[in-house]
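Asker:
2 protein chains.
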Amino acid sequence: MNIREEAQKMKQDAPLLAASSIEKRNAALRAIREALLSGKEQVFEANREDLAAAAENQIAPSIQKRLKFDEGKLADVISGIDQLLTLPDPIGRTTLARRLDEGLSLFRVSVPIGVIGVIFEARPDALVQISALCVKSGNCAILKGGKETANTNRVLFTLIRDAALRAGLPQGCLLQAELHNEIDELLSCDRDVDLLIPRGSNAFVQYIMNHTKIPVMGHADGVCHIYVDRAADPEMAISVILDAKTQYPAACNAVETVLIDRSIAPDFLPKLVCSLREAGVKLHGTKEVSGLLAGCTDEIARGASVALMEEADFHTEYLEPELSLKLVDGVREAVSHINYYGSHHTDSILTSDDEAADYFLQMVDSAGVYRNCSTRFADGFRYGFGAEVGISTGKLHARGPVGLEGLVTYKYRLIGEGHVVGDYAAGRRSFHFEDL
Amino acid sequence: MNIREEAQKMKQDAPLLAASSIEKRNAALRAIREALLSGKEQVFEANREDLAAAAENQIAPSIQKRLKFDEGKLADVISGIDQLLTLPDPIGRTTLARRLDEGLSLFRVSVPIGVIGVIFEARPDALVQISALCVKSGNCAILKGGKETANTNRVLFTLIRDAALRAGLPQGCLLQAELHNEIDELLSCDRDVDLLIPRGSNAFVQYIMNHTKIPVMGHADGVCHIYVDRAADPEMAISVILDAKTQYPAACNAVETVLIDRSIAPDFLPKLVCSLREAGVKLHGTKEVSGLLAGCTDEIARGASVALMEEADFHTEYLEPELSLKLVDGVREAVSHINYYGSHHTDSILTSDDEAADYFLQMVDSAGVYRNCSTRFADGFRYGFGAEVGISTGKLHARGPVGLEGLVTYKYRLIGEGHVVGDYAAGRRSFHFEDL
Chain A
1 MNIREEAQKM
11 KQDAPLLAAS
21 SIEKRNAALR
31 AIREALLSGK
41 EQVFEANRED
51 LAAAAENQIA
61 PSIQKRLKFD
71 EGKLADVISG
81 IDQLLTLPDP
91 IGRTTLARRL
101 DEGLSLFRVS
111 VPIGVIGVIF
121 EARPDALVQI
131 SALCVKSGNC
141 AILKGGKETA
151 NTNRVLFTLI
161 RDAALRAGLP
171 QGCLLQAELH
181 NEIDELLSCD
191 RDVDLLIPRG
201 SNAFVQYIMN
211 HTKIPVMGHA
221 DGVCHIYVDR
231 AADPEMAISV
241 ILDAKTQYPA
251 ACNAVETVLI
261 DRSIAPDFLP
271 KLVCSLREAG
281 VKLHGTKEVS
291 GLLAGCTDEI
301 ARGASVALME
311 EADFHTEYLE
321 PELSLKLVDG
331 VREAVSHINY
341 YGSHHTDSIL
351 TSDDEAADYF
361 LQMVDSAGVY
371 RNCSTRFADG
381 FRYGFGAEVG
391 ISTGKLHARG
401 PVGLEGLVTY
411 KYRLIGEGHV
421 VGDYAAGRRS
431 FHFEDL
Chain H
437 MNIREEAQKM
447 KQDAPLLAAS
457 SIEKRNAALR
467 AIREALLSGK
477 EQVFEANRED
487 LAAAAENQIA
497 PSIQKRLKFD
507 EGKLADVISG
517 IDQLLTLPDP
527 IGRTTLARRL
537 DEGLSLFRVS
547 VPIGVIGVIF
557 EARPDALVQI
567 SALCVKSGNC
577 AILKGGKETA
587 NTNRVLFTLI
597 RDAALRAGLP
607 QGCLLQAELH
617 NEIDELLSCD
627 RDVDLLIPRG
637 SNAFVQYIMN
647 HTKIPVMGHA
657 DGVCHIYVDR
667 AADPEMAISV
677 ILDAKTQYPA
687 ACNAVETVLI
697 DRSIAPDFLP
707 KLVCSLREAG
717 VKLHGTKEVS
727 GLLAGCTDEI
737 ARGASVALME
747 EADFHTEYLE
757 PELSLKLVDG
767 VREAVSHINY
777 YGSHHTDSIL
787 TSDDEAADYF
797 LQMVDSAGVY
807 RNCSTRFADG
817 FRYGFGAEVG
827 ISTGKLHARG
837 PVGLEGLVTY
847 KYRLIGEGHV
857 VGDYAAGRRS
867 FHFEDL
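Put into structure tokens, the structure is as follows:
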């Protein structure tokens, strides 16, 4: 059976899953939890095969680390499921209750989105997280993971799906796509799939967006900024910038550009550059930055090599230990730069000046606007969402890390006693709005 | 200056408008209100020109009615503005406040979407409603109205924009596009325009969706259903169906298909058909419907002409006094039909049976699920939203009539004291989530 036919069947099962009680969905999560624990040796065995193949194919060590699913990763996903179990039911919440007129009442109730397709990188823990979020939120999910962990995914998926079905969720709650050509098939299911969440490279997400009529939620770019204000604590600034750039440079929430207030640059920039060089970060910067370093007294900073940047280069997302540097005249110029060159993901100001901070937090048009902390905090787990299906840089529906709340929509229920619009149009009746 | 350059300037002004106080935005609404009242003769004069041109161009009388802007329409838009003035500020609301750890706090705050393009039909009152909603919600708006009311729109827009600027809103808050080719220019502004709301024919909305990278909110189809359950009150059913079909057949929330429980059809269908014939409604139906009518005792019903339908015809949105009829075996078959053939806009069940109603309201996957009332209630004003920018049949972001709440998004503010992710990754610190 192909994806298109499976998606049609899922669409029919979606209202059944949406109607299932929170008790049943939580029971399914508990069953999944148990299945993962009791089936772990099977999973580890499959993962060893994937890792052996990856080593054979000379896949980069940094990626091999992501492919691994061991006791530590298992403990992480189990703790994610435990956190989800404690969270309230995201569906069936009444977010508006209004009497429109005698005998005519309107209710807005949260409901699952329906059928969601998630295409994710080769990370077995992502498969567990995404499945668990979809089960909790009553959404049917089509999962397509990276091929490098195909064996691990297959075992994990079978454990998860079997547990969900045993707990009484409908047949169509979960589906795994395994072949790469099934992605294109999935993209064509705009009648039956309500939302696509692609994760991966910018080019991949753009490809998805350009080849489907299904709404896409995702982030295309993560060009994050840190602005070091004149009132920043220099030590804190260096510590935060190092964390944001070097703790995990391949992450979308890693910093790509550091903007420094011109008035503190002669003192601060050489110090920062020494720390960055020590951490092995490659530097890019404007002529002004490179000139300032060339003329400074610190020998190490003076010796730093800075690749010269054109204005347009400030759109660059390195995803590597590389960083763009620029001097600005205060918070206003910093905000203009960020709103123009940024990708509206996450941007941070380092300052002890409340006024500058307020201006920054108000005026920067990004999903995350931070003060005195690392951009790397932009993450569903760190926000306390239990897990995330991805991070959205779009402004509609969900913005930033997307957890349970981003997986629901709502519908309006209107209950009358034979009410017709003609009566209101003719003035025989009129509306009397009253929130209940 | 072209739309693209204007949109760039608006994008820069958008954070300023977003930062404006509710007092300033309400003052702008009051200034707009006064400007419309004191400038009304100018508006009426321009409208008379548009109406004269429409009559000359032999535009259909039903459309000419929509073009009109008179004392009655003025009173309607003024009352809409008055209602908006009483509504709370939709932006700056904190919808999540959580301490992640000592000294690290997360806040989710509602903010305007930014720059919104609205392309709407020739209805001068729509221009006022949309401008007022955008001003209240702090969004910059690019407005392109139907050309048949170009004179009226120009006068209205000038009054509104001048009043908004006098009240201190930024220059880029409102822009009018007047030329048809400016629509294509607008579609290309994906860097600066955050959302497009097209209103109009299905084909037009589809065109917009297929020719832009900007997110589009709108409805492509309005195939609304009424299901007459075996436990329906026949008189109420006929009254509701007549209202839903004939009160304004060109509206997207008019009913297109009536499904009737097979067990009551021999009695109910002839009665319904008599009323529909009397109201001048053209009938389409299955063989079974036409056979049942041909064999019934009622002479008028027996004489009804029913155009035979194929299954695929049930996707049809007539937007005319025409109706599809089909018999079903109870609420389950009705729901399957609606979820498959409908457009997820608005669907109503007529019944006194709570169990059937609950099943219908739960299982129908539409923006509006109604019991014992006309589908025509699907409308922002009737829901008490003051006004609407449109009705969304998409499930993401906003669903159903879109008022102020559909025009906002949110951002996350994270306030730390130099917090870095490395400390948490290394186990030196750990998260302690606590909602504030």
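Top line first, the protein sequences correspond to chains A and H. Under this note's numbering, the first residue of the first sequence is numbered 1, with each subsequent residue one higher. Under this note's numbering, the first residue of the second sequence is numbered 437, with each subsequent residue one higher. Beta carbons are placed, not taken as given, at the ideal position from N, Cα and C, and that holds for glycine. Small disclaimer: the values here were computed from a predicted structure and weren't measured.
For the beta strand (DSSP E) that contains residue 390 of chain A, what are its first and last residues?
Answerer: Run containing residue 390 of chain A: 390 to 392, per the beta strand (DSSP E) assignment.
Asker: Just checking: is the beta-carbon of residue 858 of chain H within a distance shorter than 8 angstroms of some beta-carbon in chain A?
Answerer: So yes, residue 858 of chain H belongs to the interface.
Asker: Taking contact to mean at least 3 C-beta pairs separated by less than 8 angstroms, is the region 397 to 407 of chain A in contact with the region 831 to 850 of chain H?
Answerer: The region 397 to 407 of chain A vs the region 831 to 850 of chain H: in contact.
Asker: Determine the DSSP secondary structure at residue 594 of chain H, reduced to helix, strand or coil.
Answerer: Helix, per DSSP.
Asker: Which residue or residues does DSSP assign as beta-bridge partners of residue 693 of chain H?
Answerer: Looking at the DSSP assignment, residue 693 of chain H forms a beta bridge with H/661, H/760.
Asker: Answer yes or no: do residue 125 of chain A and residue 73 of chain A have a C-beta to C-beta separation smaller than 8 angstroms?
Answerer: Going by C-beta atoms, residue 125 of chain A is nearer than 8 angstroms to residue 73 of chain A.
Asker: For a contact meaning CB atoms closer than 8 angstroms, what does residue 4 of chain A contact in chain H?
Answerer: Those within 8 angstroms of residue 4 of chain A in chain H number zero; the least Cβ separation is about 15 angstroms.
Asker: For a quick check, are the C-beta atoms of residue 837 of chain H and residue 815 of chain H less than 8 angstroms apart?
Answerer: Result yes, Cβ atoms of residue 837 of chain H and residue 815 of chain H sit closer than 8 angstroms.
Asker: Taking 8 angstroms as the threshold (C-beta atoms), are residue 647 of chain H and residue 695 of chain H in contact?
Answerer: No, the pair does not count as a contact, with Cβ atoms beyond the cut-off.
Asker: In the region 183 to 195 of chain A, which residues sit with their C-beta less than 8 angstroms from some C-beta in chain H, listed in chain order?
Answerer: Here the close residues are 194, 195.
Asker: Alpha carbon to alpha carbon, what distance is there between residue 519 of chain H and residue 480 of chain H?
Answerer: Rounded to the nearest angstrom, the two C-alpha atoms are 23 angstroms apart.
Asker: Are the beta-carbon atoms of residue 46 of chain A and residue 151 of chain A separated by less than 8 angstroms?
Answerer: Yes. Within cutoff.
Asker: Considering only their Cβ atoms, is the gap separating residue 229 of chain A from residue 349 of chain A smaller than 8 angstroms?
Answerer: Cβ atoms of residue 349 of chain A and residue 229 of chain A: closer than 8 angstroms.
Asker: Going by other Cβ atoms of all chains shown within 10 Å of its Cβ, with 16 needed for buried, is residue 25 of chain A buried or exposed?
Answerer: Classification of residue 25 of chain A: buried, given that the 10 Å Cβ count is 16 or more.
Asker: Give every residue of the same chain whose Cβ lies closer than 6 angstroms to the Cβ of residue 388 of chain A, excluding the five residues on either side of it in the sequence, and list them in chain order.
Answerer: The answer, listed in chain order, is 380, 401, 402, 403.
Asker: Who are the neighbours of residue 561 of chain H on chain A, taking C-beta pairs under 7 angstroms?
Answerer: Result: empty, since nearest Cβ-Cβ is about 15 angstroms, beyond 7 angstroms.
Asker: Tell me the rounded alpha-carbon separation between residue 133 of chain A and residue 862 of chain H.
Answerer: Distance between the alpha carbons of residue 133 of chain A and residue 862 of chain H is about 26 angstroms.
Asker: Counting only Cβ-Cβ distances shorter than 9 angstroms, please list the residues of the region 213 to 242 of chain A near chain H, keeping chain order.
Answerer: Flagged, chain order: 213, 215, 217, 233, 235, 236, 237, 239, 240, 242.
Asker: Using only the alpha-carbon positions, how far apart do residue 667 of chain H and residue 703 of chain H sit?
Answerer: Those two C-alpha atoms are separated by around 13 angstroms.
Asker: Which same chain residues, not among the five before or five after residue 108 of chain A, have their C-beta less than 6 angstroms away from its C-beta?
Answerer: Excluding sequence neighbours, residue 108 of chain A sits near 95, 96, 410, 412.
Asker: Please state whether the Cβ-Cβ distance between residue 223 of chain A and residue 256 of chain A is less than 8 angstroms.
Answerer: Cβ atoms of residue 223 of chain A and residue 256 of chain A: closer than 8 angstroms.
Asker: Could you name the residues of chain H that residue 70 of chain A contacts, counting a contact when the two beta carbons are closer than 9 angstroms?
Answerer: The contacting residues do not exist; residue 70 of chain A stays about 17 angstroms from chain H at best.
Asker: Assuming residue 189 of chain A and residue 13 of chain A make a contact with CB atoms under 8 angstroms, what is their CB distance in whole Å?
Answerer: Rounded, the Cβ-Cβ distance is 15 angstroms, inconsistent with contact.
Asker: Go ahead and label residue 153 of chain A buried or exposed: buried means 16 or more other beta carbons lie within 10 angstroms of its beta carbon, across all protein chains shown.
Answerer: Label assigned to residue 153 of chain A: buried.
Asker: Would you kindly report the start and end of the unbroken alpha helix (DSSP H) that includes residue 69 of chain A?
Answerer: Segment: none, residue 69 of chain A is in no alpha helix (DSSP H) and carries neither H nor E.
Asker: State buried or exposed for residue 88 of chain A, treating a residue as buried only when at least 16 other CB atoms are found within 10 Å of its CB.
Answerer: Counting Cβ neighbours within 10 Å, residue 88 of chain A comes out exposed, since fewer than 16 surround it.
Asker: In this structure, does DSSP put residue 637 of chain H in helix, strand or coil?
Answerer: DSSP places residue 637 of chain H in coil when its eight states are reduced to three.
Asker: Along the chain, where does the beta strand (DSSP E) containing residue 97 of chain A start, and where does it finish?
Answerer: Run containing residue 97 of chain A: 94 to 101, per the beta strand (DSSP E) assignment.
Asker: Identify the residues that DSSP records as bridge partners of residue 613 of chain H: which are they?
Answerer: H/580, per the DSSP bridge assignment.
Asker: If the cut-off is 7 angstroms on Cβ atoms, which residues from the region 796 to 817 of chain H count as contacting chain A, listed in chain order?
Answerer: Cβ contacts with chain A come from 797, 798, 799, 801, 802, 803, 804, 805, 806, 807, 808, 809, 810, 812, 813.
Asker: Round the Cβ separation of residue 777 of chain H and residue 750 of chain H to the nearest angstrom and send it over; I've been treating them as touching at under 8 angstroms.
Answerer: 4 angstroms between Cβ atoms; contact.
Asker: CB-CB under 6 angstroms to residue 596 of chain H, same chain, minus the five flanking residues each way: which ones, in chain order?
Answerer: Contacts found: 468, 567.
Asker: Between the alpha carbons of residue 738 of chain H and residue 675 of chain H, how many angstroms are there, rounded?
Answerer: About 21 angstroms.
Asker: If you draw a straight line from the alpha carbon of residue 121 of chain A to that of residue 16 of chain A, how long is it in whole angstroms?
Answerer: Straight-line Cα distance between these residues: approximately 30 angstroms.
Asker: Which residues bound the beta strand (DSSP E) around residue 308 of chain A?
Answerer: Start and end: 306 to 308.
Asker: Using a Cβ-Cβ cut-off of less than 7 angstroms, give me the residues of the region 545 to 574 of chain H that come near chain A, in sequence order.
Answerer: Listed by position along the chain: 549, 550.
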